[in-house]
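Protein chains: 2
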Amino acid sequence: MEKEFVKEIADINTDFSQWYTDVVKKAELADYGPAKGTIVFRPYGYAIWENLQHELDTRLKATGHVNAYFPMLIPMSLLTKESEHVEGFAPEVATITQVGKEVLDEPIVIRPTSETVICSMYSKWVQSYRDLPILINQWANVVRWEKTTRPFLRTREFLWQEGHTVHATESEALNEAIDILKLYEKFCKEILAIPVLTGRKTEKEKFAGAVTTFGMESMTLDGKSLQSGTTHYLGQNFSHAYDIKFLDKTGKLEYAYQTSWGVSTRLLGALIMAHGDQRGLVLPPMVAPVQVIVIPIAQHKESVTQTVEKLVALLKSKGIRAQADYSENSTGWKYNQWEMKGVSLRIEVGPRDIENGAMILTRRDTHDKVTATLFDVKAVKKLLSTIQKDMYVKAKKFMQAHIVKVHTMEQMKEQLDKGNMVKAIWCGCQECELMVKERLQATIRVITNEHLKGKCIFCTQVKEDAKEVIFARAY
Amino acid sequence: MEKEFVKEIADINTDFSQWYTDVVKKAELADYGPAKGTIVFRPYGYAIWENLQHELDTRLKATGHVNAYFPMLIPMSLLTKESEHVEGFAPEVATITQVGKEVLDEPIVIRPTSETVICSMYSKWVQSYRDLPILINQWANVVRWEKTTRPFLRTREFLWQEGHTVHATESEALNEAIDILKLYEKFCKEILAIPVLTGRKTEKEKFAGAVTTFGMESMTLDGKSLQSGTTHYLGQNFSHAYDIKFLDKTGKLEYAYQTSWGVSTRLLGALIMAHGDQRGLVLPPMVAPVQVIVIPIAQHKESVTQTVEKLVALLKSKGIRAQADYSENSTGWKYNQWEMKGVSLRIEVGPRDIENGAMILTRRDTHDKVTATLFDVKAVKKLLSTIQKDMYVKAKKFMQAHIVKVHTMEQMKEQLDKGNMVKAIWCGCQECELMVKERLQATIRVITNEHLKGKCIFCTQVKEDAKEVIFARAY
Chain U
684 MEKEFVKEIA DINTDFSQWY TDVVKKAELA DYGPAKGTIV FRPYGYAIWE
734 NLQHELDTRL KATGHVNAYF PMLIPMSLLT KESEHVEGFA PEVATITQVG
784 KEVLDEPIVI RPTSETVICS MYSKWVQSYR DLPILINQWA NVVRWEKTTR
834 PFLRTREFLW QEGHTVHATE SEALNEAIDI LKLYEKFCKE ILAIPVLTGR
884 KTEKEKFAGA VTTFGMESMT LDGKSLQSGT THYLGQNFSH AYDIKFLDKT
934 GKLEYAYQTS WGVSTRLLGA LIMAHGDQRG LVLPPMVAPV QVIVIPIAQH
984 KESVTQTVEK LVALLKSKGI RAQADYSENS TGWKYNQWEM KGVSLRIEVG
1034 PRDIENGAMI LTRRDTHDKV TATLFDVKAV KKLLSTIQKD MYVKAKKFMQ
1084 AHIVKVHTME QMKEQLDKGN MVKAIWCGCQ ECELMVKERL QATIRVITNE
1134 HLKGKCIFCT QVKEDAKEVI FARAY
Chain D
684 MEKEFVKEIA DINTDFSQWY TDVVKKAELA DYGPAKGTIV FRPYGYAIWE
734 NLQHELDTRL KATGHVNAYF PMLIPMSLLT KESEHVEGFA PEVATITQVG
784 KEVLDEPIVI RPTSETVICS MYSKWVQSYR DLPILINQWA NVVRWEKTTR
834 PFLRTREFLW QEGHTVHATE SEALNEAIDI LKLYEKFCKE ILAIPVLTGR
884 KTEKEKFAGA VTTFGMESMT LDGKSLQSGT THYLGQNFSH AYDIKFLDKT
934 GKLEYAYQTS WGVSTRLLGA LIMAHGDQRG LVLPPMVAPV QVIVIPIAQH
984 KESVTQTVEK LVALLKSKGI RAQADYSENS TGWKYNQWEM KGVSLRIEVG
1034 PRDIENGAMI LTRRDTHDKV TATLFDVKAV KKLLSTIQKD MYVKAKKFMQ
1084 AHIVKVHTME QMKEQLDKGN MVKAIWCGCQ ECELMVKERL QATIRVITNE
1134 HLKGKCIFCT QVKEDAKEVI FARAY
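Line by line, the protein sequences are chains U and D.
Take 684 as the starting number for the first sequence in my numbering and just add one per residue.
Take 684 as the starting number for the second sequence in my numbering and just add one per residue.
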């Protein structure tokens, strides 16, 4: 039975890409939508997003941010005000030209991101320093017409949160961009059990219209990098383009300073790719739709179903997302199915266990089995918390083991081919950056250290203002 | 000071329509978006929606429904499969024909509702009776290119939840449509403090593609009707069009039975129009973003701010959404501002109150003042619960007083002009229905009683199968 399930998903070591697609489908996380490049978030996949969303939303609100909702429909003329921004997004912007059989006077675009529409409103709302800061977030769908798509990682429509803040001073805005990056990092660690690399992005990789983009990169089990969130310090670029001015305390009219930042349903891809194994998905308890699956052994016996029902009710009453599987499937099939779905903990209860006043707990992450006293909810809670922490530690160790310092391009190629990310000294010029991308298909993910004296491993020039950076192949 | 605020909003009795728009703007619930017919949900307005959403989502989940998310982008060819449905929606469907400068091979439409895309997926997912029922809901934005728009009530993009269920039998599906209607009604009563009329819609008013539509109508303070939610029994219309078949227990291939149902951000309009008064918004505590506003009197005194801070912290710790207003505004201004925003309860705390160990509570709904013991959180909780109940009772009485039984068209015109809804006997034919719409601008909102012998007040024919219906002018 186990083999049947396993053979339906590709080998994680030899065909990671196919393994990913198989897990997405088999665990019923998502399906392909009828329009090319779109996906359906199936209930199990969407439930993970809801848990993640709830946790992140709580943290954003706790730091003074409030939610709002801005229109998805943007007049074409509004999009084109910030020149760098429109250049970056225009080629992939979906445009409504027609309603029914009527052709519109002015085309309307679907938001690829909401700076333009939000800034047009801020321009009306911001008058005085008393109106600042504005700390608004929105949960929304956006559309970007990507050529190559992959469930969660890159789809033509995706879900995300986008924060858009306005500040009176440069330092306040810059700090906001950095603080949110830290909030994201902590969220990934504590909720998703995913370690991330954070740092400034290069000019080439920054957001269209930003002064500075900070990135957060997670690592996939095949040694690639996945951009999992970004925060942008926008300076006064958008406040100039959209006329966001305020009277400061001295009565002087000033342009405001802004930030924007977001994480998306791509984080579901990060989760799968950071924690999965040959049996399928492995979910950290904090976001698992089902944290504990209880499997009755010999479920035809009344004592078994009664005990299982009592146990599930007890777990639920203590805030644990638990359920029992009373289906007609064989026990082996059930094990495989719930392992595929990444359920953090399995509890087996059979006649002998009941007799012994015991239950068997099996961890999804390590496959370790332990016996606990029947109905000992505290033991279950503790084990879930241990799983959460251990998953982070394991992922962190994996990441550390797969970042290798290199000193030549040959070393770099060798390490990238082995499935590692590399740390290298880079002079800071775009020629070197582009050359590496072309020759090794690797990009600079984040700058980990700046303003240091060092020799570029590409052009071999020694610079006073060299940078230590992470190069990787990325999804 | 009070006058200043009040004069900024139109008179509720003589210009209800302008009063509504003024409240929406002044209470900072919404603003107009840059694209015609769109609105921005500002943080205060969106917070009401979040509270409403949380309460409804909890109730839907408790009845076995799960959330998912389907693409907003629908290939044009998919929309056109159910002929009645496409006829109903095609004229207002926004169509993407272009991405960047590239023209698409097949136009993509933005969902006006999601039956088509969801049914195309159900056709893949449903194989056997074991896959049924499917009880999926989604929270999403939809686009309908309305000609005349008004904040919350009718906008080109709006937010809603749409449930889409699949069942093995007709009776199960029909019951689902009726059960959800009841769930909506209870939700409106207990959470929004809004009484509603429920019942079947006429053929003319039903959803494009449904067998039967059930409607829920709320009443506005100017005596009009507002369609506040609908549930549709779809029969096999969509399962035939989209090929949703399942093997039943006997091994026979059958077409499935379906429902769909939804409520939208229009409920925010219903809230404003059901409870408001000349001072602005009046919110039921269950959805109020701020349930209690604490106003310090003589806030320059340290004892006052200390007491107010302690009180707010205490209220918050007991789950009450409370905050204090320490702004530089005058006390009168603060009163007016928070009344405009509909905050359920105001608490004033000044030096004399502290001395007396008291606090003054002022209800937003009745303007009644009571004195309570300082820090008596239980009294606050009790009063909030009383406000919630009283608001419903008041709205219910208002509705009852404004539904008048009529026996002639003259009576009907008189009552409609007075700002009432009417109950009348109707033969059931569409000619009478259309004639009334043309001559009195009133439509049948719901059928309250069917299959009775009666004389139509329009054509005066006596029918064995006449209907008692509610006619009203509607938003």
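Each residue gets a CB set at the ideal place from its N, CA and C atoms; glycine is no exception.
For Gln1094(U), not one C-beta of chain D is nearer than 7 Å to its own C-beta. When the beta-carbon positions are compared, Thr942(U) and Thr848(U) come within less than 7 Å of each other. Flagged as an interface residue toward chain U: Gly716(D), by a C-beta distance shorter than 7 Å. Distance from the CA of Tyr703(U) to the CA of Pro979(D), rounded to the nearest whole angstrom, comes to 58 Å. A Cβ-Cβ contact shorter than 7 Å links Leu1057(D) with Met1042(D). One Cα belongs to Arg837(D), the other to Lys830(D), and the distance between them is close to 9 Å.
Using a Cβ distance threshold of 7 Å, Ile955(U) and Ala939(U) do not count as a contacting pair. When rounded, the separation of the alpha-carbon atoms in Phe1154(D) and Ile863(D) is 24 Å. The beta carbons of Pro834(D) and Ala713(D) sit closer together than 7 Å. For chain U, the residues of the segment 763–790 of chain D that bring a beta carbon within less than 7 Å of one of its beta carbons are Ala773, Pro774, Glu775, Val776, Ala777, Thr778, Ile779, Thr780, Gln781, Val782 and Gly783, in chain order. Residues are counted here when their Cβ sits less than 8 Å from a Cβ of chain D; for the segment 840–857 of chain U these are Glu840 and Leu842, given in chain order. Contact annotation for Glu733(U) against chain D: Asn750 [CB-CB distance below 7 Å, chain order]. Across the structure, Ala971(D) and Lys1064(D) are spaced so that their CA atoms are roughly 14 Å apart. Taking the beta carbon of Tyr729(U) as reference, the chain D residues within 9 Å of it are Val749, Asn750, Ala751, Tyr752 and Gln821, listed in sequence order.
Rounded to whole angstroms, the gap between the alpha carbons of Ser1013(D) and Val987(D) is 16 Å. When rounded, the separation of the alpha-carbon atoms in Gln1020(D) and Ile861(U) is 35 Å. Ranking Asp931(U), Thr1054(U) and Tyr805(U) by CA distance to the CA of Asp1036(U) puts Thr1054(U) first. In this structure, DSSP gives Ile1108(D) an extended state, which the three-state scheme calls strand.
A distance of 7 Å or more separates the beta carbons of Arg839(U) and Thr948(U). Taking a C-beta distance under 7 Å as the contact criterion, Ser911(D) and Ser901(D) qualify as a contact pair.
Nearest in C-alpha terms to Thr1126(D), of all of Lys1080(D), Lys884(D) and Glu1097(D), is Lys884(D).
Those residues of the segment 1031–1058 of chain U placed with their C-beta closer than 9 Å to a C-beta in chain D do not exist.
Burial state of Leu743(U) is buried, judged by a 10 Å Cβ sphere holding 16 or more other Cβ atoms.
Judged by pairs of C-beta atoms under 8 Å, the segment 731–746 of chain U does not touch the segment 788–803 of chain U, as fewer than three such pairs exist. Boundaries of the beta strand (DSSP E) around Glu1151(D): Val1145 to Ala1155.
In the pairwise beta carbon analysis, the segment 777–789 of chain U is classified as touching the segment 768–781 of chain D: at least three pairs are separated by under 8 Å. By the criterion of at least three beta-carbon pairs nearer than 8 Å, the segment 991–1003 of chain U is not in contact with the segment 1043–1052 of chain U.
The continuous beta strand (DSSP E) containing Met902(D) extends over residues Thr895 to Met902. DSSP, read as helix, strand or coil, puts Met1042(D) in strand.
Chain U places no beta carbon closer than 7 Å to that of Ser1000(D), leaving this residue out of the contacts.
By the Cβ-count criterion, Arg1122(D) is exposed, with fewer than 16 other Cβ atoms from all chains shown falling within 10 Å of its own Cβ.
Only residues of its own chain outside the window of five on either side were considered, and among them Tyr938, Ala939, Tyr940 and Gln941 have a CB closer than 8 Å to the CB of Gln919(U), listed in chain order.
Under the Cβ criterion of 7 Å, Val707(U) is not counted among the residues facing chain D. Cβ neighbours of Leu842(U) within its own chain (closer than 6 Å, five residues either side excluded): Asn824 and Thr948. Counting along the chain, Ile722(U) sits inside the beta strand (DSSP E) bounded by residues Ile722 to Phe724. Around the beta-carbon of Asp1100(D), fewer than 16 other beta-carbon atoms lie within 10 Å, marking it exposed.
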